[in-house]
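These notes concern the structure reproduced below.
Numbering (this note's numbering), first residue to last: 109 to 548.
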């Protein structure tokens, strides 16, 4: 069993920033989770940022039969920090499903690593956690000194080599046609709701991942933002949504269903919030997923412990207002990480209801293998607690084949108007288009 040590540093009055450029040059594995100081009663371990640097051990799994089991063995054996991701296509290990659509990125089913150091940034201090059986105190201090720099403005060109030419995988007319066909499935009773997504992509994209993430994070300030590097695979994430958090025996999920734009005019912005709060369509979408999550939780929860802590909460972010509901349960005593994931993954907000039927239709009507998009990124701590986001509002990049991708989607119900759903997708994609423009 590892022996964890902690170094504590005081944050100077002028503050500090994370030197992601320096970390990228030296390490193949870097994960930075940033809450952007968003007020949240379930904030990630009260730290504003959690950073994992380097890898002393890694699991990269593409075997659909053994992926979760191998990860569970590592969790049980190490009792250490683990950082990584679960792709959407892990669903194929949980249900009798497959993913045959084209994949330009190549993220494995799951990838987790035991970091050399974990850095937790609090309002007035920084903790550096390391395993003294794996690395020395001096190496931990060196990584800290490399990681932390005085505050500085954004530097460098966003696109240092070539301009990103973004293309759409499907045309607007194709999207609208697919939505109307999915509505026919709803009318026939095959499903009640489905999350239908489309891909925007660029080939031969040579990008500065750090500069793009910093710009995306600056304009979004989302509570579940993340910069993650796994060798040549990158996730630049500005997610507003939590998939799951576990603390002791309590499990929390915060699905988002319901979106509306923001306005710079204060009175109009308040009116938009009111419109979202009282939209029958958005409430209908949200409550369907709340019911789905309640059903998922019931499979691993103590009897009578599943609760809806908040229904139809309106949360405001820089780009959008969102409708968020919060659910919780107390876990059965014998429920482990694999049990929890198999009962709840993929998250209902990105599938639909009933979940399996919706996922079959997703595979048929979508044109891209989702991969990491609508999967989850996060960490597991030595006590077995964890926190994972929903990978949305994210730019995904393979620096080996220079393929860049981001996907957006919306919930389709019987009340959906295809043209409006397409516009909602563009609204969600706005920040990602913005940071990929050369002159921003």
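Here a beta-carbon is modelled for each residue, glycine too, at the ideal position from N, C-alpha and C. A quick note: this is a predicted structure, and the numbers were derived from the prediction, not measured.
> Grouping DSSP H, G and I as helix and E and B as strand, with all else coil, what is residue 409?
Replying inline: In the structure shown, residue 409 adopts extended strand secondary structure according to DSSP, grouped into three states.
>> Using 8 Å as the threshold, is the C-beta distance between residue 233 and residue 117 below it?
In response: In contact: residue 233 and residue 117 (Cβ atoms closer than 8 Å).
> Residues in its own chain within less than 6 Å of residue 536 by CB, not counting five upstream and five downstream?
Replying inline: Close CB contacts of residue 536 within its chain, under the 6 Å cut and outside five residues either way in sequence, are with 516 (chain order).
> residue 534 to residue 336, Cα distance in whole Å?
Replying inline: The straight-line gap from Cα to Cα measures roughly 25 Å.
> Should residue 441 go down as buried or exposed, given a rule of 16 or more other Cβ atoms within 10 Å for buried?
Replying inline: A residue is called buried when at least 16 other Cβ atoms come within 10 angstroms of its Cβ; residue 441 does not meet this threshold and is exposed.
> What are the partner residues of residue 517, as DSSP defines its beta bridges?
Replying inline: For residue 517, which the question treats as bridged, DSSP gives the partners 305.
> Got a sec, what are the start and stop residues for the beta strand (DSSP E) residue 225 sits in?
Replying inline: Segment 225-229, the beta strand (DSSP E) holding residue 225.
>> Using a Cβ-Cβ cutoff of less than 7 Å, which residues in the same chain neighbour residue 283 once the five nearest sequence positions on both sides are dropped?
In response: Answer for residue 283: 306, 530, listed in chain order.
>> So if DSSP puts residue 335 in a beta bridge, which residue, or which two residues, is it bridged to?
In response: Residue 335 is bridged to 140, 344.
> In the region 162-233, which residue ranges form an unbroken beta strand (DSSP E) of at least 3 residues, counting only runs that do not cross its ends?
Replying inline: Listed in chain order, they are 165-169, 190-194, 218-222, 225-229.
> Using DSSP with H/G/I as helix, E/B as strand and the rest coil, what is residue 280?
Replying inline: Look at residue 280 here: in three-state DSSP terms it is helix.
> Can you round the beta-carbon distance between residue 462 and residue 299 to whole angstroms, since I take them to be within the 8 Å contact cut?
Replying inline: With a contact defined as Cβ atoms closer than 8 Å, residue 462 and residue 299 qualify at about 7 Å.
> Is residue 401 helix, strand or coil by DSSP?
Replying inline: Three-state result, residue 401: helix.
> Could you give the distance in angstroms between the alpha-carbon of residue 467 and the alpha-carbon of residue 460?
Replying inline: Spanning the two alpha carbons is a distance of roughly 8 Å.
>> So, under 8 Å CB-CB, residue 430 and residue 367 are touching, yes? Tell me the CB distance rounded to an integer number of Å.
In response: Residue 367 and residue 430 do touch by the CB rule: their CB atoms are close to 6 Å apart, below 8 Å.
>> What residue range does the beta strand (DSSP E) around residue 113 cover?
In response: Segment 112-118, the beta strand (DSSP E) holding residue 113.
>> Suppose you measure from the CA of residue 176 to the CA of residue 446; what does that come to, to the nearest Å?
In response: Residue 176 and residue 446 have their C-alpha atoms spaced approximately 6 Å apart.
>> Given this structure, state the Cα-to-Cα distance separating residue 381 from residue 398, to the nearest angstrom.
In response: Just so you know, the alpha carbons of residue 381 and residue 398 end up roughly 20 Å apart.
> Residue range of the alpha helix (DSSP H) that residue 539 falls in?
Replying inline: Its alpha helix (DSSP H) spans residues 526-543.
>> Taking the straight line between their C-alpha atoms, what separation do you get for residue 161 and residue 502?
In response: So the two alpha carbons sit approximately 21 Å from each other.
>> Please list the terminal residues of the continuous beta strand (DSSP E) segment that includes residue 374.
In response: According to the DSSP assignment, residue 374 belongs to no beta strand (DSSP E) but to the alpha helix (DSSP H) extending over 374-385.
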